[in-house]
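Novice: The structure that follows is given in the form of structure tokens.
In the numbering used here, the protein residues as written are 1085 to 1208.
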């Protein structure tokens, strides 16, 4: 994305299936990635690490996170800062909506989004 003003509407963005019971909408700037998640109750992500700093804001619902060996129950409004390279996993205790902010940009997510968009265009 170029260094210019950009205004998007989440309602116009594709909701991409990422994990069983989890869909995501991505926004990427030159330096950061934002991911809006929709989780069904019981959906989760296995333990993983990445070199990105991550800030998680739980917008709706209850979510359990295990970060660096610490288990935390997050409720709507919670904000969690996860440093780079720290192992973490999570599970939606209820249906949830969340916003993840990553620095630097998640190139892996950019690639997944591009692949999904190509598949959708191929069907159309």
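Every residue gets a Cβ at the ideal spot worked out from N, C-alpha and C, and that includes glycine.
Short of 6 Å in beta carbon distance, which residues of its chain neighbour residue 1117, apart from the five on each side in sequence? Order them along the chain.
Specialist: 1186, 1189, 1190, 1193.
Novice: Leaving out the 5 sequence neighbours to the left and right, which residues in its chain are closer than 6 Å to residue 1175 when beta-carbon positions are compared?
Specialist: Here the set comprises 1128, 1148.
Novice: In this structure, how does DSSP classify residue 1191 when only helix, strand and coil are distinguished?
Specialist: Of the three classes helix, strand and coil, the one that applies to residue 1191 here is helix, per DSSP.
Novice: Can you grab the Cα-Cα spacing for the pair residue 1031 / residue 1097, in whole Å?
Specialist: Absent from the structure is residue 1031, since the part of the chain shown begins at 1085 and ends at 1208.
Novice: Quick one: what's residue 1154 bridged to in DSSP?
Specialist: Answer is 1151, bridged to residue 1154.
Novice: Output yes or no for whether 8 Å exceeds the beta carbon distance between residue 1173 and residue 1157.
Specialist: Cβ atoms of residue 1173 and residue 1157: not closer than 8 Å.
Novice: Can you check whether the CB of residue 1167 is closer than 8 Å to the CB of residue 1131?
Specialist: No. Outside cutoff.
Novice: Here's the rule: buried if 16 or more other CB atoms are within 10 angstroms of the residue's CB, otherwise exposed. What is residue 1151?
Specialist: Buried is the call here.
Novice: May I ask whether a heavy atom of the ligand ZN can be found less than 7 Å away from the beta carbon of residue 1142?
Specialist: This structure does not include the ligand ZN; it has no bound ligands of any sort.
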